[in-house]
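Chains as they are written, first to last, in my numbering: chain S, 148 to 258; chain U, 0 to 113. Note that beta-carbon positions come from the ideal geometry of N, C-alpha and C, so glycine has one too. Fair warning: this is a prediction, and the values are worked out from it, not measured in the lab. What follows is a single structure, written as structure tokens, with notes after it.
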Amino acid sequence: QKEVEQNSGPLSVPEGAIASLNCTYSDRGSQSFFWYRQYSGKSPELIMFIYSNGDKEDGRFTAQLNKASQYVSLLIRDSQPSDSATYLCAVQPGGSYIPTFGRGTSLIVHP
Amino acid sequence: DTGVSQDPRHKITKRGQNVTFRCDPISEHNRLYWYRQTLGQGPEFLTYFQNEAQLEKSRLLSDRFSAERPKGSFSTLEIQRTEQGDSAMYLCASREIDFGGELFFGEGSRLTVL
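Now the structure itself:
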């Protein structure tokens, strides 16, 4: 069983809409959660990290963590065509230094 | 530029040849990671260094793969007797903070095995 699950998509949303990206994980001891964005042909770059249950907002991005249900999500408000990319969820167990990545969800924002 | 740099960016080799990739992390980062990524997949963990010590290696990693980080600075990843299944993007990342914190990725080294 894969440790970090993401729907590969593509998720297609119109410009200005809210994009919702989801991620589930299997290790209940996970403590650090990350969302990376990867443009085609480029390397991943961090968008947000979250450690505690609840919501964390940064500009148009909101990360949501629910440890009881073992899922983490990323909301992108007012989606722009420049947001079109693959979004990678990464999860790091407590006591481990190794983030495990999901396969990523492809997001397409069309004008 | 003080980011993570990798060399070479592209490598084409014939099956059975050895290849070596180099990674220069951000200078103050003592933690260095190698990941491998194939099309449509997320980065897959290969190995991890804290300073010069290789602390963890993926169980899935063949013994044809070896990595070093002499003096805790740059790192090399060598693949011996390459196979077509080794074709992938090899990503190096470094990090400053212990349990959390951002992984800073290099641009990657793309390997094509013919």
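If you draw a straight line from the alpha carbon of residue i to that of residue j, how long is it in whole angstroms?
| i | j | result |
| --- | --- | --- |
| U/Glu43 | U/Arg80 | 21 Å |
| U/Tyr89 | S/Thr252 | 20 Å |
| U/Thr119 | U/Ile25 | The requested residue 119 of chain U does not occur in the structure, where chain U is confined to residues 0 to 113. |
| S/Cys236 | U/Pro69 | 31 Å |
| S/Leu221 | S/Gln211 | 6 Å |
| S/Asp174 | U/Trp33 | 22 Å |
| U/Phe73 | U/Cys22 | 6 Å |
| S/Val160 | U/Leu38 | 23 Å |
| S/Asn200 | U/Val3 | 32 Å |
| S/Glu152 | S/Leu193 | 18 Å |
| S/Ile245 | S/Ser226 | 31 Å |
| S/Arg224 | S/Ala164 | 6 Å |
| U/Ser86 | S/Thr233 | 21 Å |
| S/Met195 | S/Lys203 | 9 Å |
| U/Thr111 | U/Gly15 | 12 Å |
| U/Phe104 | S/Lys189 | 10 Å |
So, are the CB atoms of residue i and residue j less than 8 Å apart?
| i | j | result |
| --- | --- | --- |
| S/Phe180 | S/Ile197 | yes |
| U/Gln40 | S/Arg250 | yes |
| U/Ser36 | U/Cys91 | Rather than Ser, the amino acid found at residue 36 of chain U in this sequence is Gln. It is not a contact, given that the beta carbons lie outside the stated cut-off. |
| S/Ser177 | S/Gly241 | yes |
| U/Leu115 | U/Ser57 | Not covered by the structure: residue 115 of chain U. The range shown for chain U is 0 to 113. |
By the 10 Å Cβ neighbour count, where 16 or more other Cβ atoms means buried, how is residue i classified, buried or exposed?
| i | result |
| --- | --- |
| S/Pro191 | buried |
| S/Asp205 | exposed |
| U/Ala52 | exposed |
| U/Leu113 | exposed |
| U/Ala66 | buried |
| U/Ile78 | buried |
| S/Thr171 | buried |
| U/Arg30 | buried |
Using C-beta distances below 6 Å, list every residue in its chain close to residue i, excluding the 5 sequence neighbours before and after it, in chain order.
| i | result |
| --- | --- |
| U/Phe20 | Leu76, Tyr89, Ser108 |
| S/Pro157 | Ser253, Ile255 |
| U/Gly100 | Arg94 |
| U/Tyr47 | Tyr32, Leu54, Glu55 |
So what does residue i bridge to, in DSSP terms?
| i | result |
| --- | --- |
| U/Gln49 | U/Arg30, U/Ala52 |
| S/Ala210 | S/Lys203, S/Leu221 |
| S/Tyr244 | None; S/Tyr244 has no bridge partner. |
| S/Tyr186 | In DSSP, S/Tyr186 forms no bridge with anything. |
Can you pull the chain B neighbours of residue i, defined as C-beta to C-beta under 9 Å?
| i | result |
| --- | --- |
| U/Leu102 | Structure shown: chain B not included; protein chains present are S and U. |
Excluding five sequence neighbours on each side, which residues of the same chain lie with their C-beta closer than 8 Å to the C-beta of residue i?
| i | result |
| --- | --- |
| S/Pro228 | Glu162, Val256, His257, Pro258 |
| U/Arg8 | Glu106, Gly107, Ser108, Arg109 |
| S/Glu150 | Tyr172, Ser173, Asp174, Val238, Thr247 |
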